[in-house]
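Engineer: Quick one: the structure is below, and I'll ask about it shortly.
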Amino acid sequence: MPMTSLAAIFGPDARTEALAGAGVTATHAAAAFYNPALTAISDDSVSLMVPAIALSAQDKNNFVDSLDNFQRLNDQLQQDPLNPNLILEWQAALLGLDGNQVSADGNIGAALLVPNQYLNVTLSAGVSAEALAIGEVDERDFEGIPDPSMLNSNAQGLGVALTEVGVSLAREVRYANGDRLLLGVTPKYLRIDTYAYAATVDNFNSDDWRDSRFRTNKGGFNLDAGVAYQWRSGLRVGLSGRNLLDQSLKTSGEAIMPLTYQNSGLWALGAQYENDWMTLAVESELNATKRFKEFNDSSQFIKGAFAAKLSDWFEWRLGYKRDLKDSVRDLWSTGFGIDFASCVLLDVFAGYGENKNYALGGNFKFRF
């Protein structure tokens with residue numbers, strides 16, 4: 001597979017993702033997915049987030065439509081193999097697949113926060129998935145009269161899914177001056193599933209990814225941890241570490257050369273200032289992470305965010321994130337939150353980046 005990038009860009013909580021994914025801004029049960037220390041802030045209410053869904057896709061050169069169009073022309077050429085106009089159209093469609101790619105990622109999660117005087121406990125579960133398909137054209141397919149039934153050009157698909165179930169334990173230490181120290185940890189079970197599939201461009205079918213021959217999986221214990229300090233003035237600083245125990249897994253070698261997926265620890269440091277009408281936040285990932293050992297696909301984001309409380313029940317949000325390694329294009333996000341009588345909260349976000357990179361997500365939060 002050619003060198004390319006596969007990176008999970010968005011998390012499950014729509015409020016946090018509208019604020020560029022800056023984990024220092026996470027609230028209530030959603031904080032379990034970003035910084036478990038922030039689940040210590042609960043105002044003595046049970047908090048339930050469900051369902052939380054975020055989806056994004058990038059298809060700069062319309063790979064899916066281009067592949068469908070080529071397969072249609074290939075079927076026609078098998079019926080009329082000497083048609084010169086059809087041959088030229090077939091060759092142009094095949095050439096258009098070279099290096100063309102489509103990628104997508106998604107998140108779905110749920111969390112339940114139960115406060116008590118000793119430790120706040122948050123049960124969380126989520127699945128994040130990333131997938132990419134790319135075309136690789138072989139020059140031999142342009143030699144002589146095309147043979148649409150004996151192609152060498154291929155399309156390759158690569159995907160990863162992470163499933164995790166965790167229990168966040170968090171405690172708040174209050175000082176006499178009103179400041180608060182927040183500590184949290186999330187022991188969790190994490191399973192990795194990989195998908196590696198390839199076929200000639202005339203036979204490529206995404207449904208075949210589900211075949212067990214192209215899949216591998218591995219599960220084990222992992223850990224998230226976080227700490228935050230909240231000043232009485234409204235300033236907060238947070239440090240979080242996710243997936244602190246490195247895990248790796250080789251993909252299936254059935255269709256393409258085996259690759260090594262790496263799930264490595266990610267540290268982030270952020271600051272937030274909040275008052276009665278607005279929130280400002282910045283965050284930086286302290287280390288770069290790579291998905292596949294064989295690819296030059298490392299990423300390391302810096303993030304900035306702003307939220308305006310336009311009324312007691314409506315908040316508007318804006319965020320921006322940049323990858324310091326330039327594996328992912330700059331991304332803008334926006335969204336809003338509606339508070340229904342402080343019992344039900346609706347959060348929605350949308351994201352946009354260069355090369356037709358779009359994202360959309362939303363969730364409900366309930367407080368009891």
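If you count the sequence shown from 1, position 58 lands on 58 in the UniProt record's numbering, and the numbers rise without skipping. C-beta: ideal position from N, C-alpha, C; glycine also.
Secondary structure at Q117, three-state DSSP: helix, strand or coil?
Structural biologist: Numbered from 1 along the sequence shown, position 117 holds the residue referred to as residue 117. The answer is coil: DSSP assigns Q117 none of H, G, I, E or B.
Engineer: Quick one: using the 10 Å Cβ neighbour count with 16 as the cut-off for buried, is L286 buried or exposed?
Structural biologist: Here the question's residue 286 lines up with position 286 in the sequence shown. So L286 ends up on the exposed side.
Engineer: Could you work out which residue in G353, K356, D339 and F349 is closest to K365 when comparing CA atoms only?
Structural biologist: Counted from its first residue, the sequence shown places residue 365 at position 365. Checking every option, the nearest Cα to that of K365 belongs to D339.
Engineer: Cβ of G241 within 8 Å of Cβ of W267?
Structural biologist: Along the sequence shown, read from residue 1 onward, the residue named residue 241 stands at position 241. Along the sequence shown, read from residue 1 onward, the residue named residue 267 stands at position 267. Contact: yes.
Engineer: Using the rule of at least 16 other Cβ atoms within 10 Å of the residue's Cβ for burial, across every protein chain shown, is P258 buried or exposed?
Structural biologist: As a working mapping, residue 258 is identified with position 258 in the sequence shown. Answer is exposed; the Cβ neighbour count stays below 16.
Engineer: What does the Cβ neighbour count give for M150, buried or exposed, with the cut at 16 atoms within 10 Å?
Structural biologist: As a working note, residue 150 is residue 150 in the sequence shown. Exposed.
Engineer: Rounded C-beta distance between I192 and V237? I'm assuming under 8 Å.
Structural biologist: Working through the sequence shown from its first residue, we reach residue 192 at position 192. Working through the sequence shown from its first residue, we reach residue 237 at position 237. Their Cβ separation, rounded to whole angstroms, is 32 Å, which puts I192 and V237 out of contact at 8 Å.
Engineer: To the nearest angstrom, how far is the alpha carbon of G96 from that of R210?
Structural biologist: Taking the first residue of the sequence shown as 1, we reach residue 96 at position 96. Taking the first residue of the sequence shown as 1, we reach residue 210 at position 210. Distance between the alpha carbons of G96 and R210: 27 Å.
Engineer: Could you check what DSSP says for W267 in three-state terms: helix, strand or coil?
Structural biologist: Here residue 267 corresponds to residue number 267 of the sequence shown, with the count starting at 1. W267 falls in the strand class under three-state DSSP.
Engineer: Would you tell me roughly how many angstroms separate the C-alpha atoms of S47 and F301, rounded to the nearest one?
Structural biologist: To locate residue 47, count along the sequence shown from 1; it is residue 47. To locate residue 301, count along the sequence shown from 1; it is residue 301. Taking the straight line joining both Cα atoms gives about 29 Å.
Engineer: Excluding the 5 residues preceding and the 5 following E17 in the sequence, name in chain order all residues of the same chain whose CB lies nearer than 8 Å to its CB.
Structural biologist: By 1-based counting over the sequence shown, the position of residue 17 is 17. Contacts found: F10, G11, A54, G319, S333, G335, F349, G351, A359 and G361.
Engineer: Just the Cα atoms here: how many angstroms apart are L38 and A29?
Structural biologist: Position 38 of the sequence shown, counting from 1, holds the residue named residue 38. Position 29 of the sequence shown, counting from 1, holds the residue named residue 29. In a straight line, the C-alpha of L38 is about 9 Å away from that of A29.
Engineer: Helix, strand or coil: which one does DSSP assign to N100?
Structural biologist: Taking the first residue of the sequence shown as position 1, residue 100 is located at position 100. Three-state DSSP puts N100 in coil, outside helix and strand.
Engineer: Assuming contact is defined by CB atoms lying nearer than 8 Å, are N222 and L245 in contact in what I supplied?
Structural biologist: By one-based count along the sequence shown, residue 222 stands at place 222. By one-based count along the sequence shown, residue 245 stands at place 245. Yes, the Cβ-Cβ distance between N222 and L245 is below 8 Å.
Engineer: Could you tell me how far apart the beta carbons of K27 and L19 are, in whole angstroms, since I believe they sit closer than 8 Å?
Structural biologist: Start at 1 with the first residue of the sequence shown, and residue 27 comes out as number 27. Start at 1 with the first residue of the sequence shown, and residue 19 comes out as number 19. Reading off the sequence, residue 27 comes out as Thr, not Lys. Going by Cβ atoms, the distance from T27 to L19 rounds to 10 Å, so no, they are not a contact pair.
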